[in-house]
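In what follows, a single structure is set out as structure tokens and then discussed.
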């Protein structure tokens, strides 16, 4: 066997084979979900199952979108996740900058607070959050969820933004300040444009987490019309236990935004976002 | 910096006390104005819950039944110790964490090592392989429940076709198959976390180290063992601890797939607490359980850290 052929074989075994395995392991469940969601009810319940639908149909999607409250759940989730992002964005622009560039008194305590905020179990926060929001009259409102999501996402987001700011050389804003810019002016005109990709990635990370969150949404929201998508999915699966096709289509529709946003921020994952990737 | 500010303050005090105070204030004011809203929010979100569960842990309080609260001392904690459901939940938690983190780590390490190589289409493969990280626990649970369905599921079909089993398996009926099912589902969603963290560590390794090792005639295994592994060890140790803590507290997937069943076999401690609070409405007892959960996590983290320190002694 020639040396080049041996190298090619070696690469096929050490790279090609594992890549194929990981791709199948990752993609097959999603393929199967989509495949099943396109089947009419008659095909859905055959065993052995069909690996390709005989008569693919979008009927399940039509029913999910127009025959259930899925549309309302979608809007709720979009509203909650978007407002969470807006709040996060406004807060971490400044807080991340302060943590990256200033050495101020109490900074260590603030760092410890953020660390504690990242490891504090959410289940421990359930009763206190419930009580606090109840006395504020915010129980069973979208605002309650937005507030809680901002609080639980802030520690990670600020620390991640701090990392992105630290990767920008301070000479940039120092030059701008010598040219007569104020500190805030330099932040907005010089630093922020350079930090924007990281800021957007961190915010989208927050969106995905808010979009996916379950337990606070279960505890803090009682009205079915205010439910977010994960909670609605769970209760719909109880209500419509036999409507498999409908539930599968609903799951696909819930999956799409998460995957689309992930594809966008993926390249930041191993650089900035991994540094503070405490939350799964 | 603390030193320079002290000197500046001393110098200021020697000249004009008010000027030094003002300058110090101005220096501190900008960063504090920037972090104050966040500190206020996170401080409330972290310190209030901790204080509140400690206080409420000594009370009997069920808001679904009525507003009356009663101080009961350590009665709730005594109840925890005698609560068979609590001990079952603790055992379930250990099974859940070990069965989740070990396969996630091994798969994630494999993914990271492969994705760190150069090959055509690597960018696309990376995006695909890491994507389950973004899928919610609820949807992941949904997908895998459907795949593992006992009567019409594709997993059974594949296992029968490959002659791994003779007849379809009734997944989720008893605890063994239930655990297996949720471990696979959780590995699917969780392996990308380790892949991302380890990949970041791999990319930080200086290629010159590998060149030097190759020149010394190191085999592939030796390069992994003596270059890669030591360089990623810190990332692995920290991310495994964080992942274990995070998995311990992760309810969504397990709850979606099993609701804690069959017969409470997969009711982990957080699921039990969730149950006590949400289904039974016992806030006092739920708070006491929350305090115990925090203590367990602190003890676990300390033990892990100590073990890590001891095993790394030369």
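Protein chains in written order, with my numbering: chain A, 1 to 280; chain B, 1001 to 1314.
A virtual CB, placed ideally from N, CA and C, is assigned to each residue, including glycine.
Computed from a predicted structure; not experimentally measured.
Residue span of the beta strand (DSSP E) that contains residue i, given as start and end
| i | result |
| --- | --- |
| residue 101(A) | Here residue 101(A) belongs to no beta strand (DSSP E); instead the alpha helix (DSSP H) covers 70 to 101. |
| residue 1069(B) | 1069 to 1071 |
Start-to-end residues for the alpha helix (DSSP H) that takes in residue i
| i | result |
| --- | --- |
| residue 1061(B) | Note, residue 1061(B): premise wrong, no alpha helix (DSSP H); beta strand (DSSP E) at 1059 to 1061. |
| residue 1116(B) | No alpha helix (DSSP H) contains residue 1116(B), which DSSP labels as neither H nor E. |
| residue 256(A) | 244 to 268 |
| residue 1177(B) | 1175 to 1203 |
| residue 237(A) | 229 to 239 |
| residue 218(A) | 215 to 220 |
| residue 165(A) | 142 to 166 |
| residue 1214(B) | 1207 to 1215 |
| residue 118(A) | 107 to 119 |
| residue 196(A) | 192 to 212 |
| residue 1141(B) | 1137 to 1147 |
| residue 18(A) | 17 to 37 |
| residue 128(A) | 122 to 135 |
| residue 65(A) | 59 to 67 |
| residue 54(A) | Unbroken run through residue 54(A): none, as it is neither H nor E. |
| residue 5(A) | 3 to 11 |
| residue 1163(B) | No alpha helix (DSSP H) contains residue 1163(B), which DSSP labels as neither H nor E. |
| residue 1078(B) | 1075 to 1082 |
| residue 1225(B) | Residue 1225(B) -> no alpha helix (DSSP H), and no H or E assigned at all. |
| residue 41(A) | 41 to 44 |
| residue 179(A) | That residue, residue 179(A), is in no alpha helix (DSSP H); it is neither H nor E in DSSP. |
Pair within 8 Å by beta-carbon distance, residue i and residue j
| i | j | result |
| --- | --- | --- |
| residue 284(A) | residue 1041(B) | One cannot answer for residue 284(A) here, as it falls past the ends of chain A, which runs 1 to 280. |
| residue 110(A) | residue 1080(B) | no |
| residue 1224(B) | residue 1181(B) | no |
| residue 231(A) | residue 214(A) | yes |
| residue 1125(B) | residue 32(A) | no |
| residue 1268(B) | residue 1138(B) | no |
| residue 64(A) | residue 233(A) | no |
| residue 1198(B) | residue 1143(B) | no |
| residue 1099(B) | residue 1179(B) | yes |
| residue 1043(B) | residue 138(A) | no |
| residue 228(A) | residue 73(A) | yes |
| residue 1097(B) | residue 1192(B) | no |
| residue 53(A) | residue 43(A) | yes |
| residue 1209(B) | residue 1227(B) | yes |
| residue 1109(B) | residue 1194(B) | yes |
| residue 1177(B) | residue 1165(B) | no |
| residue 158(A) | residue 173(A) | no |
| residue 1242(B) | residue 121(A) | no |
| residue 99(A) | residue 162(A) | yes |
| residue 142(A) | residue 218(A) | no |
| residue 222(A) | residue 140(A) | yes |
For residue i, the nearest candidate out of the options (CA to CA)
| i | options | result |
| --- | --- | --- |
| residue 14(A) | 1276(B), 1069(B), 1111(B) | 1111(B) |
| residue 187(A) | 210(A), 218(A), 66(A), 92(A) | 92(A) |
| residue 204(A) | 128(A), 216(A), 84(A) | 84(A) |
| residue 1133(B) | 146(A), 237(A), 63(A), 255(A) | 255(A) |
| residue 1085(B) | 1296(B), 1106(B), 1273(B), 1233(B) | 1273(B) |
| residue 1299(B) | 1245(B), 1282(B), 1266(B) | 1245(B) |
| residue 1185(B) | 26(A), 18(A), 5(A) | 26(A) |
| residue 1061(B) | 1267(B), 1240(B), 1282(B) | 1282(B) |
| residue 103(A) | 1024(B), 1051(B), 1169(B), 1167(B) | 1024(B) |
| residue 1068(B) | 1291(B), 1174(B), 1243(B), 1284(B) | 1284(B) |
| residue 1087(B) | 1279(B), 1308(B), 1271(B), 1312(B) | 1271(B) |
| residue 115(A) | 126(A), 37(A), 268(A), 156(A) | 156(A) |
| residue 90(A) | 196(A), 166(A), 74(A), 179(A) | 196(A) |
| residue 131(A) | 220(A), 2(A), 18(A), 56(A) | 220(A) |
| residue 119(A) | 1278(B), 1250(B), 1266(B) | 1250(B) |
| residue 168(A) | 96(A), 242(A), 218(A) | 96(A) |
| residue 153(A) | 1228(B), 1029(B), 1045(B) | 1045(B) |
| residue 75(A) | 158(A), 253(A), 107(A) | 253(A) |
| residue 1038(B) | 94(A), 17(A), 37(A) | 94(A) |
| residue 251(A) | 19(A), 22(A), 37(A) | 37(A) |
| residue 1063(B) | 16(A), 60(A), 211(A), 128(A) | 128(A) |
| residue 1308(B) | 1296(B), 1247(B), 1239(B) | 1239(B) |
| residue 1247(B) | 1066(B), 1093(B), 1083(B), 1032(B) | 1093(B) |
| residue 264(A) | 235(A), 200(A), 237(A) | 200(A) |
| residue 68(A) | 266(A), 55(A), 239(A), 162(A) | 239(A) |
| residue 1189(B) | 1082(B), 1311(B), 1135(B) | 1135(B) |
| residue 51(A) | 1152(B), 1106(B), 1051(B), 1213(B) | 1152(B) |
_Could you tell me which whole alpha helix (DSSP H) segments of length 4 or greater appear in the segment 1228 to 1295 of chain B?_
Listed in chain order, they are 1229 to 1249, 1252 to 1258, 1269 to 1274.
*asked:* Beta carbons nearer than 9 Å to chain E: which residues of the segment 1246 to 1266 of chain B have them?
replied: This model lacks chain E altogether; the protein chains it does include are A and B.
*Go through the segment 1030 to 1059 of chain B residue by residue and report every complete run of the alpha helix (DSSP H) that reaches 4 residues or more, in order.*
List check, alpha helix (DSSP H) in window: nothing returned.
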